[in-house]
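Quick notes on the structure that follows.
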Amino acid sequence: MTIENTIERSNEVIASEVENELVMMSLENGKYYGMDSIGGDIWKMIESPIVISDICSRLMKEYNVDELTCKRDVLDFLDQLEEQRLVKIS
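Taking this note's numbering, the leading residue of the sequence shown gets 3, the next gets one more, and so forth.
Given below as structure tokens:
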């Protein structure tokens, strides 16, 4: 995965907010996952296909984070989601 890939949610995931945390369940494996507010923000952004660099641009504005840190952290986070089959990369 690179910063220029497009990413979107898997159709095999349901999600809901519970007490300021996003809770998701994979319909594929039945596992539950929780995300903090930044993870939840990213999850909202990938409701429809989006280029990963656009996610970073939005987060850098919102959270006042430098570009290198943002790209590294976003790619790490999305890699974890991909490993669990919660997202689709193209």
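We treat Cβ as the ideally placed atom computed from N, Cα and C, and that holds for glycine. Please read these numbers as outputs of a predicted model, since none were measured by experiment.
Can you tell me whether DSSP reads residue i as helix, strand or coil?
{"i": "MET27", "result": "strand"}
{"i": "THR8", "result": "strand"}
{"i": "VAL67", "result": "coil"}
{"i": "GLU85", "result": "helix"}
{"i": "SER39", "result": "helix"}
{"i": "ILE91", "result": "strand"}
Do residue i and residue j have their CB atoms nearer than 8 Å?
{"i": "SER50", "j": "GLU14", "result": "no"}
{"i": "VAL89", "j": "SER12", "result": "yes"}
{"i": "ILE16", "j": "LYS73", "result": "no"}
{"i": "ILE54", "j": "LEU80", "result": "yes"}
Give the range of the beta strand (DSSP E) segment to which residue i is assigned.
{"i": "LYS33", "result": "Per DSSP, LYS33 belongs to no beta strand (DSSP E) and is neither H nor E."}
Give me the Cβ distance between residue i and residue j, rounded to the nearest whole Å; I'm assuming they're in contact under 8 Å.
{"i": "LEU24", "j": "TRP45", "result": "6 Å"}
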